[in-house]
Amino acid sequence: MKRYTDRYMFSHDIDWFFVYGDKPIHAASFSGKIPREITCEMNREMQSFVEQMEINVEQAEIEISKDILDELESVSLSQRQAYLHSFIEMARKGFYSFDRIIKYDENGAPIFSDDETNTYRLIASPKTPFSGVGNLISLDNVVHFSNDGTTFSFNVESNK
Amino acid sequence: MDEDALKKIENDAIEYCHKMVAEAKAMRSDSDRHRYQWDLYSVIVSCGDGRNIRRGHNQKRKEKDFEQPLRDRLKKLGNIGDRPRDADGKVRTDACGNVCHLIGSCAEPNAANKLLKINPKFSLKKIEFSKAYRPRCVYKDDYTPIAYCQNCIDTFETIKNKTNNP
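Chains as they are written, first to last, in our numbering: chain A, 2 to 161; chain B, 481 to 646.
Following this line, the structure appears as C-alpha cells:
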C-alpha cells in the first residue's frame with residue numbers, strides 16, 4: 002500500500018480523515034506529517050467520497066472554536082472568511098475539522114511553519130456529526146486528544 | 481517595475497490558487513480519476529522580471545537544484561536543505577521566536593529559480609514577488625497572505641523592502 006512520502010507531505014496541504022471514538026475527524030496537514038496508517042489510496046477514496054457528499058446543514062448550525070475567533074479578531078471579515086471557509090464546509094458535512102497549528106506574526110498574518118509540529122487544533126464542529134463513520138479508519142490508538150477535545154497530536158514516523 | 485507588472489504577478493498567484501482549488505474539487509468529484517494526485521500545495525508564490533512570470537511552491541531542495549546566483553545567495557544563510565544557524569550553532573529563530581525554515585525550501589526561491597532558468601542574467605535584487613498564499617485560504621475575492629519568512633527576507637532585496645515598507 003502506497004504511503005505519502007516525506008517530500009510529498011512537506012509540499013502539500015492534505016485533507017485527511019479518520020474516526021476517533023465515534024467522532025468523524027477532518028484534518029488539513031499544511032505541510033505536516035500524517036500518520037502512516039493513512040495510505041494514499043484510502044485517503045483519496047475518502048477525499049472523493051467527502052467531496053461528493055451533499056451539504057445539508059446551514060452554516061449557522063456549525064460552531065467555530067472561540068479561540069480561533071479571538072485570534073482572527075484583528076483581521077477583516079473577508080480574510081476571516083477566506084481562512085475559515087474550507088473548515089466550515091467540512092463541519093457542514095458533519096466532520097470535526099482541524100488545522101495543523103499555525104502561528105501569526107505581529108501584524109496578524111499567518112506564518113507558515115515547517116517545524117514538524119504535529120499538533121492540530123479544532124477549527125469548526127458540526128452540530129450533527131456525519132453518521133457513516135464505518136467508512137473511516139479508526140485512529141483511537143494512534144492520535145492523542147486533549148481532554149477538552151480541541152487539539153490532537155501523534156508520534157511521527159518517517160515515510161521514505 | 482511598473483504597477484501593472486506588479487499587479488500581473490499578484491493576480492497570477494491568486495488565479496493559480498483558484499485554479500488549483502477548482503481542479504482538486506473537479507478531480508475529487510470524478511471517482512474514475514481518484515488515483516491521481518489532487519492535494520493542494522501548502523504555499524505558492526509568483527515572481528517576475530517585468531516580462532516573464534513563474535510560480536513556485538514550497539518543496540525540499542538540494543544545492544544542485546539552484547541556479548548559480550541564487551545558490552550562492554542561499555548559501556550565505558547556511559547549507560541548502562538545513563536550517564540556518566547562529567554563530568553558536570543554535571538553529572536561528574525569527575523575531576517571533578519561530579524556527580527558521582529549511583534553506584531553499586520556500587516557494588519564493590523555487591519560483592525565482594524557475595525565472596533564472598529562462599533569464600539567467602536577471603539580477604536577483606530585481607525579482608519581484610507576489611504575496612505568499614495558502615491555496616486553501618484563497619476564497620472568491622478573499623485571501624489572507626502568509627507572512628514572508630526570515631530566510632526570504634534575508635535572500636531577496638525586494639521582499640526585504642516590502643517587509644520594511646508594507
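Yeah, the Cβ is synthetic: ideal placement off N, Cα and C, and Gly gets one too. Nothing here was measured: the structure is a model prediction, and the numbers come from that model.
Opposing strand residues paired with residue i [DSSP bridges]
i, result
"Thr40(A)", "Arg4(A)"
"Arg565(B)", "Val571(B)"
"Leu123(A)", "Phe99(A)"
"Asp14(A)", "Leu520(B)"
"Tyr21(A)", "Lys24(A)"
"Val144(A)", "Phe155(A)"
"Glu64(A)", "Ser126(A)"
"Lys104(A)", "Ile112(A)"
"Ser139(A)", "Val20(A)"
"Ala29(A)", "Asp16(A), Asp100(A)"
Buried or exposed by the 16-neighbour rule on C-beta atoms within 10 Å, applied to residue i
i, result
"Ile639(B)", "buried"
"Glu52(A)", "buried"
"Gln539(B)", "buried"
"Glu503(B)", "exposed"
"Ala506(B)", "exposed"
"Ala567(B)", "exposed"
"Pro589(B)", "buried"
"Pro600(B)", "exposed"
"Gln13(A)", "Before going further, note that residue 13(A) is His rather than Gln in the sequence given. Buried: at least 16 other Cβ atoms inside 10 Å."
"Cys576(B)", "exposed"
"Ile56(A)", "exposed"
"Lys487(B)", "exposed"
"Asn148(A)", "exposed"
"Leu85(A)", "buried"
"Ile598(B)", "exposed"
"Lys94(A)", "buried"
Same chain, Cβ closer than 6 Å to residue i, five either side skipped, listed in chain order
i, result
"Lys161(A)", "Annotation note: pLDDT 49 at Lys161(A) (below 50); position unreliable, no value reported."
"His139(A)", "Here the sequence assigns Ser to residue 139(A), which means His is not the residue at that position. Val20, listed in sequence order."
"Gln630(B)", "Asp574, Cys580"
"Phe113(A)", "none"
"Ile26(A)", "Phe19, Tyr97"
"Val650(B)", "In the structure displayed, chain B extends from 481 to 646; residue 650(B) sits before or after that span and is not available."
"Gly33(A)", "Arg101, Asn119"
"Gln190(A)", "Residue 190(A) is absent from the structure shown; chain A starts at 2 and stops at 161."
"Val157(A)", "Lys34, Asn119"
"Glu637(B)", "Lys605"
Cutoff 7 Å; reference residue i; Cβ partners in own chain excluding five residues on either side
i, result
"Glu62(A)", "Lys128"
"Arg81(A)", "Leu73"
"Cys586(B)", "Asn538, Cys629, Asn631, Cys632"
"Thr624(B)", "Cys617"
"Ala485(B)", "Gly528, Gly530"
"Leu520(B)", "Met500, Val501, Ala504, Pro615, Arg616"
Cutoff 8 Å; reference residue i; Cβ partners in own chain excluding five residues on either side
i, result
"Ile626(B)", "Val523, Lys611, Ala612, Tyr613, Arg614"
"Asp562(B)", "Leu582, Ile583"
"Arg565(B)", "Gly558, Val571, Arg572"
"Ile489(B)", "Ser526, Cys527, Gly528, Ile533, Glu608, Phe609, Ser610"
"Lys3(A)", "Thr40, Cys41, Glu42"
"Arg551(B)", "Glu543, Ile560"
Contact set between residue i and chain E, taken where Cβ atoms lie within less than 8 Å
i, result
"Val76(A)", "Among the protein chains in the structure shown, which are A and B, there is no chain E."
Cβ-heavy atom distance, residue i to the ligand NAP, below 7 Å
i, result
"Ser32(A)", "Looking for the ligand NAP in the displayed structure turns up nothing, as the structure carries no ligands at all."
Segments of 4+ residues assigned as alpha helix (DSSP H) that fall wholly inside the segment 574–630 of chain B: 587–598
task: Can you check the segment 508–563 of chain B for any beta strand (DSSP E) of at least 3 residues that lies completely inside it and give the ranges in chain order?
output: 524–528, 533–537
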